[in-house]
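S.K.: First to last, the protein sequences are chains R and Y.
Here the numbering used here = 1-based position in the first sequence + 60.
Here the numbering used here = 1-based position in the second sequence + 60.
Glycine included, every Cβ here is placed at the ideal spot set by N, Cα and C.
Number of protein chains: 2
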Amino acid sequence: MALGKDYATQECSIASALEVIGERWTLLVIRDAFYGVRRYNDFLVHLGIPRAVLASRLQTLTAQGILEKRRYQESPPRDEYVLTDRGIALWPTLRALGLWGREHLTQRRLRIFRHADCGTELGPYSDCPSCGTVVAVGDVEVVPGPDLSREPADPVSRALLKPKRLLRPVETDPA
Amino acid sequence: MALGKDYATQECSIASALEVIGERWTLLVIRDAFYGVRRYNDFLVHLGIPRAVLASRLQTLTAQGILEKRRYQESPPRDEYVLTDRGIALWPTLRALGLWGREHLTQRRLRIFRHADCGTELGPYSDCPSCGTVVAVGDVEVVPGPDLSREPADPVSRALLKPKRLLRPVETDPA
DNA sequence: CGTTGTTGGTTCATTGACCGAACCGACTGG
DNA sequence: CCAGTCGGTTCGGTCAATGAACCAACAACG
Numbered sequence: 061m062a063l064g065k066d067y068a069t070q071e072c073s074i075a076s077a078l079e080v081i082g083e084r085w086t087l088l089v090i091r092d093a094f095y096g097v098r099r100y101n102d103f104l105v106h107l108g109i110p111r112a113v114l115a116s117r118l119q120t121l122t123a124q125g126i127l128e129k130r131r132y133q134e135s136p137p138r139d140e141y142v143l144t145d146r147g148i149a150l151w152p153t154l155r156a157l158g159l160w161g162r163e164h165l166t167q168r169r170l171r172i173f174r175h176a177d178c179g180t181e182l183g184p185y186s187d188c189p190s191c192g193t194v195v196a197v198g199d200v201e202v203v204p205g206p207d208l209s210r211e212p213a214d215p216v217s218r219a220l221l222k223p224k225r226l227l228r229p230v231e232t233d234p235a
Numbered sequence: 061m062a063l064g065k066d067y068a069t070q071e072c073s074i075a076s077a078l079e080v081i082g083e084r085w086t087l088l089v090i091r092d093a094f095y096g097v098r099r100y101n102d103f104l105v106h107l108g109i110p111r112a113v114l115a116s117r118l119q120t121l122t123a124q125g126i127l128e129k130r131r132y133q134e135s136p137p138r139d140e141y142v143l144t145d146r147g148i149a150l151w152p153t154l155r156a157l158g159l160w161g162r163e164h165l166t167q168r169r170l171r172i173f174r175h176a177d178c179g180t181e182l183g184p185y186s187d188c189p190s191c192g193t194v195v196a197v198g199d200v201e202v203v204p205g206p207d208l209s210r211e212p213a214d215p216v217s218r219a220l221l222k223p224k225r226l227l228r229p230v231e232t233d234p235a
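1. Measuring only between beta-carbons, confirm whether Gly179 (chain R) sits less than 7 Å from chain Y.
2. Quick check on the DSSP output: the beta strand (DSSP E) that includes Glu140 (chain R) runs from which residue to which?
3. I believe Thr144 (chain R) touches Leu157 (chain Y) by the beta-carbon criterion, under 8 Å. Please report the beta-carbon distance rounded to the nearest angstrom.
4. Alpha carbon to alpha carbon, how far is Asp66 (chain Y) from Glu83 (chain Y)?
5. Between Glu231 (chain Y) and chain R, is there a C-beta pair that is closer than 7 Å?
6. Going along chain R, which residues have a C-beta under 7 Å from Val80 (chain Y)?
7. What are the complete alpha helix (DSSP H) segments, minimum 4 residues, inside the region 107–175 of chain Y?
8. How should Ala213 (chain Y) be labelled, buried or exposed, when 16 other C-beta atoms within 10 angstroms of its C-beta is the threshold for buried?
9. Any contact between the region 201–217 of chain Y and the region 99–119 of chain Y? By contact I mean 3 or more CB pairs, one from each, below 8 Å.
10. Rounded to the nearest angstrom, how far is the Cβ of Val197 (chain Y) from that of Leu165 (chain Y), given a contact under 8 Å?
11. For Cys191 (chain Y), collect the residues of the same chain with a Cβ closer than 8 Å to its Cβ; drop the 5 residues on either side in sequence, then sort them by chain order.
12. At what residues does the beta strand (DSSP E) containing Glu83 (chain R) begin and finish?
13. Starting from Pro215 (chain R), trace the alpha helix (DSSP H) both ways and give me its first and last residue.
14. Checking contacts by CB at 7 Å: is Pro152 (chain R) closer than that to chain Y?
15. Check distances from the C-beta atoms of the region 204–231 of chain Y to those of chain R and list, in chain order, the residues that come in under 7 Å.
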């Protein structure tokens with residue numbers, strides 16, 4: 061966010077948060093990380109983000125302790141980017157933002173979030189109405205909603221058509 | 061957010077939301093609106109935002125139906141900007157973002173949000189732990205926390221040192 | 001062994017958003 | 001008549017975002 065002037069004058073935790081995750085594309089990268097996207101190329105094709113911007117965002121998110129860069133194979137050396145606890149703690153924010161967008165902007169049900177244990181759709185605060193508990197992020201299952209396109213262009217979106225748990229890695233088609 | 065490329069490819073309510081409120085400064089303008097800031101000049105001094113940017117943000121937020129421009133005096137004609145229902149619906153997002161910033165970034169208690177009826181500090185979902193209900197935005201009282209500076213430079217910050225309800229207009233010192 | 005393809009970047013020129021300062025019109029109060 | 005306030009607009013300079021090109025490391029193929 062460091063553009064000429066930052067929000068430093070603000071004594072406010074919202075401003076501090078926006079310093080870190082308020083830049084263009086940043087929150088979408090984090091959203092994808094919740095969806096199980098972990099690799100540079102998958103972020104690239106799924107977001108349609110310029111390569112240089114993605115590299116920069118991944119670096120600052122890693123530096124801020126929101127993502128963790130983890131070597132998952134040597135030769136060729138390949139790293140994946142995974143959410144840390146600090147990153148996972150952003151789930152309520154993302155959830156609130158998504159709900160607002162759905163209700164006041166798109167009016168469409170693109171993705172549905174359910175409690176994996178019982179299949180009940182989550183309440184606004186990631187609570188399970190039937191179990192009466194707050195559902196941990198890892199126990200949330202995402203399924204495509206009725207208004208989501210069934211034939212997306214990129215392989216990552218296609219992989220996301222299958223129901224899956226948040227945080228679990230997506231399996232991109234080797235096709 | 062329209063910079064060369066927008067998020068149009070994304071089928072996602074989060075992306076749609078960010079199209080509208082994801083620009084630099086926008087969310088801070090909305091935060092100030094919750095704090096009762098309504099006038100151009102008050103936004104200006106409290107945020108330290110460039111004038112042109114503020115004018116642009118107020119215009120797009122008004123066009124998006126998040127703020128409403130309301131004439132409050134003729135001669136000289138003066139307008140104030142007030143949150144609409146759509147804007148007020150952003151409260152859970154702001155709350156989640158502020159909590160995340162406080163817990164994972166600043167580690168400071170700058171402002172405390174309480175249930176005006178009983179004085180109990182709000183839970184993470186704007187719930188009142190003692191009443192057991194979700195508190196309406198208009199019934200939330202903001203009081204300065206222990207880590208907030210007691211002698212801010214600008215008059216708006218000074219006015220915000222007094223406990224006040226969200227959405228109620230700030231009374232800036234005529235001093 | 002050479003060629004091609006994949007992955008994860010970096011570099012570069014262009015575009016456009018943000019910045020701060022100056023300016024301006026309508027009005028008020030002295 | 002003059003200074004001051006309010007709510008902007010205008011303008012030149014700077015800095016970030018964009019998209020295309022380039023590149024290094026390695027694998028797989030023939």
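M.R.: Looking at the atomic coordinates:
1. no
2. 138–143
3. No, Thr144 (chain R) and Leu157 (chain Y) are not in contact; Cβ-Cβ is about 18 Å, not under 8 Å.
4. 11 Å
5. no
6. Leu165
7. 111–123, 145–148, 151–161
8. exposed
9. Using a C-beta cut-off of 8 Å, the region 201–217 of chain Y makes contact with the region 99–119 of chain Y, since at least three inter-stretch Cβ pairs fall below that distance.
10. About 24 Å separates the Cβ atoms of Val197 (chain Y) and Leu165 (chain Y), ruling out a contact at the 8 Å cut-off.
11. The answer, listed in chain order, is His175, Asp177, Cys178, Thr180.
12. It is not in any beta strand (DSSP E) - Glu83 (chain R) carries neither H nor E in the DSSP assignment.
13. 215–219
14. Yes, contact with chain Y.
15. Leu208, Ser209
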